[in-house]
Amino acid sequence: MDKQSKQTDPRVLRTRQLLKEAFVDLLQEMDIEKLSVNRLAERATINRVTFYLHYKDISDMLDKMADEVIEDMSNVLGEPEADKSSGDEENIKMLERFLEHIAENAKFYKTILVSRGLPHFKERLLSFFTEWLVQRIDSRGSDSFVRQAGIEKEIFLWYDAAAVMGTVEAWLRNDMPYTPAYLARQFYLIHKRGFEDGE
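The sequence shown begins at 685 in the working numbering and counts up by one.
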């Protein structure tokens with residue numbers, strides 16, 4: 685989190701949270717095209733003037749909410765490190781933290797990814813995962829398992845980022861029947877098995 689975020693007035697954070705909750709609630713009732721500032725403000729129990737103190741319009745609010753989602757994901761996953769000794773358990777724990785974050789914010793993610801499938805959020809998340817994977821692969825240099833397996837990096841990125849998103853969406857769509865810890869381990873075992881079988 686940057687200095688500006690740390691210094692943000694708690695009242696501002698509270699108002700933005702109210703708007704975010706109102707946005708999710710309204711999306712469960714209507715298409716995004718029918719959302720209006722008036723409806724959002726009324727549901728969030730604030731006035732229109734307060735809304736415009738935070739956002740230019742609904743499109744601006746969506747952009748800023750997407751920025752916050754990416755920042756949250758980045759904080760949860762952390763920066764990829766060039767530690768070639770990272771073990772299986774460390775990788776599983778990283779996946780578990782990510783899935784715990786999704787579970788803690790299930791209503792929000794289920795709405796934007798599954799029930800409404802907002803393209804803006806999906807594209808931003810897919811782009812984030814792709815970039816994060818690029819950094820993770822590059823941080824390992826020539827020892828990267830992608831290079832060792834003779835896999836074209838671009839194809840791996842398409843596959844892996846889509847697999848993460850697809851798994852999360854299916855998990856949410858089915859009301860999260862598995863715990864984050866169990867799903868993280870399953871996800872990792874599938875991923876690892878795929879590369880071992882290809883050797």
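Think of the CB as a built atom: it goes at the ideal place given N, C-alpha and C, for glycine as much as any other residue.
Own chain partners of residue i with C-beta closer than 8 Å, once the 5 adjacent residues on each side are dropped
i    : result
S720 : I742
R857 : K794 and V798
Residues near residue i in its chain [Cβ-Cβ closer than 6 Å; skip 5 each side]
i    : result
M745 : Y739
F805 : A750 and I796
Option in the options with minimal Cα separation from residue i
i    : options                   : result
R820 : N722, I716, L761 and D693 : L761
F792 : N722, D859 and I776       : D859
A634 : Q712, N722, D751 and L703 : Nothing about residue 634 can be reported from this structure: the residues present for the chain run from 685 to 883 only.
A725 : L841, G801, N789 and A706 : A706
N759 : F782, E807 and L737       : F782
F840 : R695, D772 and H875       : H875
E886 : D772, F871, V818 and A790 : Nothing about residue 886 can be read from this structure; the chain reaches only from 685 to 883.
Cβ distance (whole Å) where residue i is taken to contact residue j below 8 Å
i    : j    : result
L810 : A845 : 6 Å
A868 : I786 : With 8 Å as the limit, A868 and I786 do not qualify as a contact, their Cβ atoms being about 11 Å apart.
F812 : I754 : 5 Å
T699 : T734 : 6 Å
Residue i - DSSP class collapsed to helix/strand/coil
i    : result
P861 : coil
E784 : helix
E713 : coil
S720 : coil
A725 : helix
Same chain only: Cβ atoms within 7 Å of residue i, ignoring 5 sequence neighbours per side
i    : result
R800 : L711 and I716
N722 : R732
Burial state of residue i, where buried means 16 or more other Cβ atoms lie within 10 Å
i    : result
M714 : exposed
E752 : exposed
V848 : buried
E780 : buried
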